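Residue numbers (my numbering): 230 to 447.
Inspection log for the structure reproduced underneath, given as structure tokens.
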């Protein structure tokens, strides 16, 4: 009697047991409901950081504007080899600008080192991209050529060349390269930290080769 009752109970509940078993299998294997979720690990590739930097190309970071008075004096040879002739003089009021930049295309794979939660970047040296006069705003203040056959154009050409050189010297002495480097770090750090998810350190020079190998392995 007991066996008959058990068989009747089994036949009655067997479809439900089969359904529950199939449902459990589907949830376990297909939908992973009962498994612990694996945490996704973000992998920062060395090439990703390098490409992001190189894509910026030549980055202009500082622009200095100048306004100056430039005087040029040119000695004249004695007239007929006997009579002294006063010097020729020209004075210019010049306006121009000088720009500091960093050429990020110069960065190579060796300049980007990833170590744990830190990315170290060796930046190229800052450069004076260009310095030029704005001829539309510059003008001749005065010119005294003294010798009637001396051409004004040659005297002015020399004066403008001197003005450009003075502007270059003034930009360098004013610390344009130092400010360019500082601005580069301010611009690049938040961008690279967002791309890499790591702390960014800028290096003035690369560490020794042995150290770099250890850091990359880490």
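Where is the CB? At the ideal position from N, CA and C, for every residue including glycine.
Given the structure is predicted, the values throughout are model-derived calculations rather than measurements.
Practice problem: Can you check the stretch 318-382 for any beta strand (DSSP E) of at least 3 residues that lies completely inside it and give the ranges in chain order? | Solution: 341-344, 347-351, 356-362 and 368-373
Exercise. Along the beta strand (DSSP E) that carries residue 417, what are the first and last residues, could you check?
Key: Careful: residue 417 lies outside any beta strand (DSSP E), inside the alpha helix (DSSP H) at 405-425.
Self-check item: Identity of the residue in 336, 338, 295 and 432 nearest residue 405 by Cα
Solution: 295
Exercise. State whether the stretch 385-402 contacts the stretch 317-327, with contact taken as three or more CB pairs (one from each stretch) at a distance under 8 Å.
Key: yes
Practice problem: Kindly confirm or deny that the stretch 361-368 and the stretch 342-350 touch, where touching means at least three C-beta pairs closer than 8 Å. | Solution: Not touching, per the Cβ criterion.
Self-check item: Continuous beta strand (DSSP E) stretch holding residue 316: start and end
Solution: Here residue 316 belongs to no beta strand (DSSP E), and DSSP marks it neither H nor E.
Quiz item: Under the DSSP definition of a beta bridge, which residues are partnered with residue 432?
Solution: 351
Self-check item: Coarse secondary structure for residue 296, derived from DSSP in three states
Solution: DSSP places residue 296 in strand when its eight states are reduced to three.
Quiz prompt | Candidates 421, 331, 304 and 391, of which the one nearest residue 291 by Cα | solution = It is 331 whose Cα lies nearest to the Cα of residue 291.
Self-check item: Nearest candidate by alpha-carbon position, reference residue 433, set 425, 351 and 384
Solution: For residue 433, the closest of 425, 351 and 384 by C-alpha to C-alpha distance is 351.
Exercise. Could you tell me the distance, in whole angstroms, from the CA atom of residue 431 to the CA atom of residue 421?
Key: 11 Å
Self-check item: Nearest residue (CA-CA) to residue 435, options 334, 339 and 429
Solution: The residue with the shortest Cα to Cα distance from residue 435 is 339.
Quiz item: Should residue 316 and residue 303 be called a contact, given that it needs their Cβ atoms to be closer than 8 Å?
Solution: Yes. Within cutoff.
Quiz item: For residue 393, which residues does DSSP report across the bridge?
Solution: Answer is none; residue 393 lacks a bridge partner.
Practice problem: May I have the straight-line CA-CA distance separating residue 286 from residue 384, to the nearest angstrom? | Solution: 39 Å
Quiz item: Which residues share a DSSP beta bridge with residue 289?
Solution: 330
Practice problem: Below 8 Å CB to CB, which residues in the same chain sit around residue 282 once its five sequence neighbours on both sides are set aside? | Solution: The residues are 333, 336, 341, 350, 417 and 421.
Quiz prompt | Neighbourhood of residue 297 by C-beta distance below 6 Å, restricted to the same chain and skipping five residues each side | solution = Non-local C-beta neighbours of residue 297 in its own chain, meaning closer than 6 Å and more than five positions away in sequence, comprise 323, ordered along the chain.
Quiz item: So residue 392 packs on residue 321, CB below 8 Å; how close in whole Å?
Solution: 6 Å
Quiz prompt | Heavy atom of the ligand FAD within 7 Å of residue 332 beta-carbon | solution = With respect to small molecules bound, the structure shown includes none, and the ligand FAD cannot be examined in it.
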